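Presented below is the structure to which this report refers.
Residue numbers (this note's numbering): 69 to 422.
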C-alpha cells in the first residue's frame with residue numbers, strides 16, 4: 069500500500085480546495101445489529117454530537133472511557149485484559165506512539181476498510197512514521213501543538229515567538245501555568261538549557277532547572293478545560309497551552325495571544341488507532357472512517373483543533389485563523405523514550421513537585 073508524502077509545504081493549498089470536495093463516502097449500515105465497540109480517548113474527543121450519529125447510522129453501540137495523558141492510556145491498555153479497548157487516540161508520530169508500538173499495544177489497520185484515508189485525509193498528514201513493516205497503525209485525526217499562551221492586556225505584545233526563558237523568568241512569578249506531564253517538562257527544561265531535548269545529557273541539571281521553574285508556577289494543567297479556567301479566573305497570565313485552549317479563549321473574547329517557542333514547539337497529531345487484541349476490529353475501522361468522513365465538521369467545532377480531513381470543508385478565514393502553515397513549520401515531534409527513560413522522567417517530575 070503506498071504511503072503518504074511527508075512534505076508539509078503545500079498544506080494550505082491542499083486544504084484550501086476542500087470546498088470542491090464531492091459527496092462524502094457512505095459507510096452507514098454496513099454492520100448493524102448488536103455490534104459494539106469501546107472508544108478510549110481524551111475527554112475532549114468524546115461527544116454525542118459525533119458518536120450518536122454513528123450509532124444511529126450503523127447500529128453499533130459505542131462505549132466510552134477517558135484518559136488524561138498518553139502515558140496513562142498506554143499503561144491502562146498494557147495492564148488491561150486484551151480486548152478491553154477497541155479504538156483509542158494516541159499522539160503520533162513521536163515518543164508515545166512508538167512506545168505503544170514497541171510494547172505491542174497496537175493492532176494494524178486495514179486501510180481498505182477506511183476509505184477516508186484516500187478520500188479525505190490531507191496528504192501532508194500521511195506520514196511514513198504511521199507505518200511499521202508496511203502495515204498502517206494509526207490514521208491521523210487532529211493536529212495541534214504545545215504553544216506559549218499569554219494575556220496581552222497584562223504583558224503587552226510579546227510577539228509570536230517566545231523563548232522558554234519566560235517560564236524561568238521571575239517577572240512572571242505566580243502567574244505561570246504549565247502542563248503536569250513529566251516527559252513534556254523534561255523536554256522543555258532540556259531545551260531551555262540548550263541540551264538535546266530528545267536525549268538530554270545532564271538530567272541532574274534538568275532536575276535543578278525544573279526545581280527553579282516550579283517555584284514560579286501558580287497552576288498546572290492536564291487539559292484544555294483547565295487552561296481555559298486558569299486564564300479566565302486570572303490564576304494564570306502566561307505559560308504553556310494547547311492551541312485548542314487558545315482558540316476557545318479567543319472565541320470568548322479573552323485577551324490572549326498564542327506564540328511558538330523559539331527553541332522548538334512540541335507538535336502532535338492525535339490519531340485513531342486500534343488497541344491490541346480488539347475483538348471488534350471491523351467495527352473499529354468503520355468508526356474511524358465515519359469520524360473522518362461523516363462528522364469531521366462537528367469534531368472541528370467541538371474541541372477546536374484542526375481536523376485533518378477535507379470533509380470539514382474549511383473556510384479561507386478558518387485556515388488563516390489557525391495559521392496552519394506557520395504551525396507546521398514550527399512544530400517538532402519528540403523522539404521515542406523507552407520505559408526505563410519514562411520512569412526516570414516520572415521520578416524527576418515527582419521529586420520536583422513534591
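Just so it is clear, CB atoms sit at the ideal spot from N, CA and C, and this is done for glycine as well.
Every value quoted in this text rests on a predicted model; they were computed, and no experiment measured them.
Rounded to whole angstroms, the separation of the alpha carbons of residue 398 and residue 228 is 11 Å.
The residues 117, 118, 121 and 122, in chain order, have a CB closer than 8 Å to that of residue 363 in the same chain once the five nearest residues on each side in sequence are set aside. Take the alpha-carbon of residue 347 and the one of residue 178: they are about 15 Å apart.
Nearest to residue 167 by C-alpha distance, out of 251, 215 and 285, is 251. Going by DSSP, residue 167 is part of the alpha helix (DSSP H) stretching over 163-170. If the five residues before and after residue 260 are omitted, its C-beta is found closer than 6 Å to the C-beta atoms of 232, all from its own chain and listed in chain order. Look at residue 212 here: in three-state DSSP terms it is strand. Secondary structure of residue 298 (DSSP, three-state): helix.
Counting other Cβ atoms within 10 Å of its Cβ, residue 308 reaches 16 or more and is therefore classed as buried. For residue 326, there is no enclosing alpha helix (DSSP H); the enclosing beta strand (DSSP E) covers residues 324-329.
The Cβ atoms of residue 258 and residue 206 do not sit closer than 8 Å to each other.
Of the residues 283, 274 and 224, the one whose Cα lies closest to the Cα of residue 237 is 283. Within the segment 361-391, the alpha helix (DSSP H) runs of at least 4 residues that lie entirely inside it are, in chain order, 364-369 and 384-390. Annotation for residue 334: the continuous beta strand (DSSP E) segment containing it runs 333-343.
Residue 175 sits in a strand when the DSSP states are folded into three classes. Taking residue 297 as the centre and dropping the five residues before and after it, the same chain places the C-beta of 303 closer than 8 Å to its C-beta, in chain order.
In the pairwise beta carbon analysis, the segment 139-147 is classified as not touching the segment 368-379: fewer than three pairs are separated by under 8 Å. Listed in chain order, the non-local C-beta contacts of residue 278 below 8 Å within the same chain comprise 253, 254, 257, 416, 417 and 420, local neighbours out to five positions each way being set aside. Per DSSP, the continuous beta strand (DSSP E) segment holding residue 244 begins and ends at 244-247. Straight through space, the alpha carbons of residue 266 and residue 194 are spaced by roughly 23 Å. Distance from the Cα of residue 230 is smallest, within the candidate group 200, 330, 319 and 204, for 330.
Residue 111 and residue 324 have their alpha carbons spaced roughly 24 Å apart.
Residue pairing by DSSP puts residue 289 in a beta bridge opposite 247.
Around the beta carbon of residue 321, fewer than 16 other beta carbons sit within 10 angstroms, so the residue counts as exposed.
With a contact defined as Cβ atoms closer than 8 Å, residue 184 and residue 387 miss out at about 20 Å.
For residue 274, the CB contacts under 8 Å within the same chain, skipping 5 residues up- and downstream, are 254, 257, 258, 261, 263, 268 and 416 in chain order. Apart from the 5 residues on each side of it in sequence, residue 244 sits with its Cβ closer than 7 Å to the Cβ of 235, 284, 285, 286, 304, 306 and 307 in its chain, given in chain order. The beta-carbon separation of residue 280 and residue 157, rounded to 34 Å, does not stay under the 8 Å limit for a contact. With respect to the 8 Å criterion, residue 133 and residue 176 are not classified as neighbours on the basis of their beta carbons. The closest CA to that of residue 335, considering only 401, 358 and 389, is found on 401. With fewer than 16 other beta carbons inside 10 angstroms of its own, residue 170 counts as exposed. Membership of residue 129 in the beta strand (DSSP E) is indicated by the continuous run 129-135. Following the DSSP letters along the chain, one finds residue 108 inside the beta strand (DSSP E) bounded by residues 104-110.
With contacts defined by Cβ atoms closer than 8 Å, residue 212 and residue 113 do not form a contacting pair.
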